[in-house]
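A short write-up of the structure that comes next.
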Amino acid sequence: MAQFRLDGTKVLAVTLEGGGDAVKAKNGSMVAYDGEMAFKKLSGGGEGVRGMVTRRLTGEQMTVMEVKGRGTCYFADRACDINLVRLNGEKLHVEASNLLCTDSGLRTGTSFTGLRGASQGNGLFTTSVEGTGQAALMSAGPAVLLRVTPQTPLQVDPGAYVAHQGDLRQSFQSGVNFRTLMGEGSGEAFQVRFEGTGLVYVQPSERNTLGGDV
244 MAQFRLDGTK
254 VLAVTLEGGG
264 DAVKAKNGSM
274 VAYDGEMAFK
284 KLSGGGEGVR
294 GMVTRRLTGE
304 QMTVMEVKGR
314 GTCYFADRAC
324 DINLVRLNGE
334 KLHVEASNLL
344 CTDSGLRTGT
354 SFTGLRGASQ
364 GNGLFTTSVE
374 GTGQAALMSA
384 GPAVLLRVTP
394 QTPLQVDPGA
404 YVAHQGDLRQ
414 SFQSGVNFRT
424 LMGEGSGEAF
434 QVRFEGTGLV
444 YVQPSERNTL
454 GGDV
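Be aware that the sequence shown starts at 244, since it is given in the numbering used here, and climbs by one per residue.
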């Protein structure tokens with residue numbers, strides 16, 4: 244299995260031992276490698292026809308490449324911070340633009356996210372990663388990992404959302420966000436409310452959205 248490690252906070256080093264070892268990474272994110280590597284562009288961001296069709300319908304872009312070989316490959320993108328997540332049979336939901344690299348054994352696909360996708364202009368689907376292995380997430384600045392419990396639900400600005408995992412339910416509020424609460428926002432905006440038990444990754448910088456100032 245591929246070995247993931249961070250080289251600083253903004254570069255992911257993945258060591259492959261050959262014999263079928265492979266990872267899937269954001270297309271164009273390779274910055275250096277040693278040893279013998281082969282790169283193959285894959286069609287669609289998710290596996291199967293459903294993943295390809297839903298991304299085409301929603302306009303969500305996630306072009307990935309498969310990397311095989313023996314040696315160490317280094318990945319980075321826009322000097323983003325990188326966070327490693329180890330999955331042991333769980334499912335991780337992540338914005339496509341925040342997913343850098345996964346073990347080839349992890350299954351990727353699409354899942355419905357409702358109005359949050361519409362508010363961000365990223366379509367109604369987000370990427371799901373499931374199985375056993377590691378995934379590397381990107382964030383604009385060091386990601387903050389927030390725990391949700393039945394006693395402590397969480398409100399998140401959709402522009403700062405990166406990923407979540409666990410038994411979580413999402414609901415959406417329109418016309419309200421953190422800036423409108425302070426009287427500084429304008430236009431329609433959204434908040435995402437998480438309830439249940441799980442973890443939510445947020446970044447300290449907000450991506451541009453189509454739902455208003457968020």
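Here a beta-carbon is modelled for each residue, glycine too, at the ideal position from N, C-alpha and C.
Going by C-alpha to C-alpha distance, which of the options sits closest to residue i?
i           : options            : result
residue 348 : 329, 336, 354, 338 : 329
residue 255 : 284, 280, 315      : 315
residue 440 : 404, 407, 391      : 391
residue 247 : 400, 380, 448      : 380
residue 377 : 344, 406, 409      : 344
residue 433 : 382, 444, 449, 443 : 449
residue 404 : 395, 340, 258, 319 : 340
residue 258 : 275, 269, 252      : 275
residue 331 : 320, 354, 351, 375 : 375
residue 402 : 269, 435, 253      : 435
residue 406 : 268, 442, 269, 310 : 442
residue 319 : 354, 414, 445, 342 : 342
Could you pull the DSSP bridge partners for residue i from this structure?
i           : result
residue 306 : According to DSSP, which records beta bridges pairwise, residue 306 is partnered with nothing at all.
residue 311 : 265, 281
residue 345 : 267, 378
residue 414 : 436
residue 328 : 378
residue 372 : 335, 351
On the CB-based measure, 16 or more other CB atoms within 10 Å of its CB, does residue i come out buried or exposed?
i           : result
residue 372 : buried
residue 271 : exposed
residue 263 : exposed
residue 250 : exposed
residue 387 : exposed
residue 283 : exposed
residue 337 : buried
residue 370 : buried
residue 237 : This structure gives no information on residue 237, because the portion of the chain shown stretches from 244 to 457.
residue 297 : Confidence at residue 297 is low in this model, with a pLDDT of 44, below 50, so the placement of that residue should be treated as unreliable; the coordinate-derived value is given next. Looking at its Cβ environment, which holds 16 or more other Cβ atoms inside 10 Å, residue 297 is buried.
residue 395 : exposed
residue 281 : exposed
residue 414 : exposed
Could you spell out where the beta strand (DSSP E) holding residue i opens and where it closes?
i           : result
residue 400 : First-last for residue 400: undefined, no H or E at that position.
residue 321 : Taken as a continuous stretch (DSSP letters only), residue 321 belongs to no beta strand (DSSP E), as it is neither H nor E.
residue 391 : 387-391
residue 435 : 433-445
Per DSSP, what kind of secondary structure is residue i in: helix, strand or coil?
i           : result
residue 245 : coil
residue 340 : helix
residue 253 : coil
residue 384 : coil
residue 408 : strand
residue 354 : strand
residue 260 : strand
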